[in-house]
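Enquirer: The structure follows.
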Amino acid sequence: DTAVSQTPKYLVTQMGNDKSIKCEQNLGHDTMYWYKQDSKKFLKIMFSYNNKELIINETVPNRFSPKSPDKAHLNLHINSLELGDSAVYFCASSQGQGGFYGYTFGSGTRLTVV
Amino acid sequence: LAKTTQPISMDSYEGQEVNITCSHNNIATNDYITWYQQFPSQGPRFIIQGYKTKVTNEVASLFIPADRKSSTLSLPRVSLSDTAVYYCLVGGPYPSGYSTLTFGKGTMLLVSP
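Here it is as structure tokens:
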């Protein structure tokens, strides 16, 4: 009965590869997000979707492409992975835009690029 | 956008009350203060939210003075399991909700036996 589930939990891959992370929420929320938390623990917004529409794209390289097939799913595809992409990626959702409405976060995907 | 300032870290012992203060000098009229807690290897989770005066729930209390330029998260009788990072976000419903998309570095609370 996980509210926001992400897969996989761990991802180790080589530089130059393409990988995807999937996210699903069963809360009926209309807004979903991708956040990146680097080794310094700073949690930065990457993308935000509202009812399948991209509404926030925070200066993220073109190699990152989110896709929302429906409002319950938000996937993240990363092309040509680089060492600097190593981080924990969190998916989140909320009813309404922003932390004011109360985010629900997934448990994160730890991506390691070697 | 309202900018927030919190201590980088705090130490406490089990059973003590912990108060974490957040400064937000340029808070806007329709902004709320929302606190999140993040355990290692987990995403942040909502703890408490308030607009003014005092809010209390089963986890914490939030004190907001009349000028709203700061707020204090109070954790009563902490235990080892309260060791986590605590984030203060300031913002409100759309369109000012944008400011709550960004988490600062938070306050790392370490509770010792």
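Chains A and B, in that order, are what the protein sequence lines are.
Numbering-wise (this note's numbering), the first sequence opens with residue 1 and increments by one.
Numbering-wise (this note's numbering), the second sequence opens with residue 115 and increments by one.
Virtual Cβ for every residue (Gly too), placed ideally from N, Cα, C.
Predicted, not measured: the structure shown is a model, and the values here were computed from it.
(1) So with Cβ pairs under 7 Å, would you call Ser-68(A) a contact of chain B?
(2) Do Ala-92(A) and Lys-36(A) have their C-beta atoms within less than 7 Å of each other?
(3) Just checking my contact of Gln-149(A) with Gly-108(A) at CB under 8 Å: how many whole Å lie between their CB atoms?
(4) Hey, which unbroken runs of the beta strand (DSSP E) at 3 residues or more fall wholly within the stretch 42-103 of chain A?
(5) Give me the Cα-Cα distance between Pro-158(B) and Ser-195(B), rounded to the nearest whole angstrom.
(6) Quick check: the stretch 176-193 of chain B against the stretch 15-34 of chain A, are at least 3 beta-carbon pairs closer than 8 Å?
(7) Does Asp-196(B) come out as helix, strand or coil in the three-state DSSP assignment?
(8) Mapping DSSP to helix, strand and coil, what is Leu-11(A)?
(9) Please report the residue range of the beta strand (DSSP E) in which Arg-159(B) lies.
(10) Taking C-alpha atoms, which residue in Ala-198(B), Trp-149(B) and Val-199(B) lies nearest to Ser-175(B)?
(11) Start and end of the beta strand (DSSP E) containing Ile-147(B)?
(12) Please determine, among Val-113(A), Leu-74(A) and Leu-54(A), the residue with the shortest C-alpha to C-alpha distance to Leu-83(A).
(13) Does the stretch 31-45 of chain A come close enough to the stretch 53-70 of chain A that 3 or more CB-CB pairs lie under 8 Å?
(14) Quick one: what's Val-4(A) bridged to in DSSP?
(15) Measure the C-alpha to C-alpha separation of Gly-99(A) and Tyr-201(B) and round it to an integer number of angstroms.
(16) Taking just the CA atoms, how far does Ser-185(B) sit from Gly-206(B)?
Expert: Taking the coordinates as given:
(1) So, not an interface residue.
(2) No, the pair does not count as a contact, with Cβ atoms beyond the cut-off.
(3) Here chain A covers residues 1 to 114 and nothing more, so residue 149(A) does not appear.
(4) DSSP runs (the beta strand (DSSP E)) wholly in the stretch 42-103 of chain A: 43-50, 53-57, 64-70, 73-78 and 87-94.
(5) Rounded to the nearest angstrom, the two C-alpha atoms are 15 Å apart.
(6) Segments in contact, no.
(7) Looking at Asp-196(B) - three-state DSSP - the assignment turns out to be helix.
(8) DSSP places Leu-11(A) in strand when its eight states are reduced to three.
(9) Bounds of the beta strand (DSSP E) holding Arg-159(B) are 159-164.
(10) Per the Cα distances, Trp-149(B).
(11) From DSSP, the beta strand (DSSP E) with Ile-147(B) extends over 146-152.
(12) Its Cα nearest to that of Leu-83(A), the residue Val-113(A) stands out among Val-113(A), Leu-74(A) and Leu-54(A).
(13) Contact between the stretch 53-70 of chain A and the stretch 31-45 of chain A is present: 3 or more CB-CB pairs across the two stretches fall below 8 Å.
(14) Answer by DSSP bridge pairing, in chain order: Gln-25(A).
(15) Computed Cα separation, rounded: 11 Å.
(16) The straight-line gap from Cα to Cα measures roughly 15 Å.
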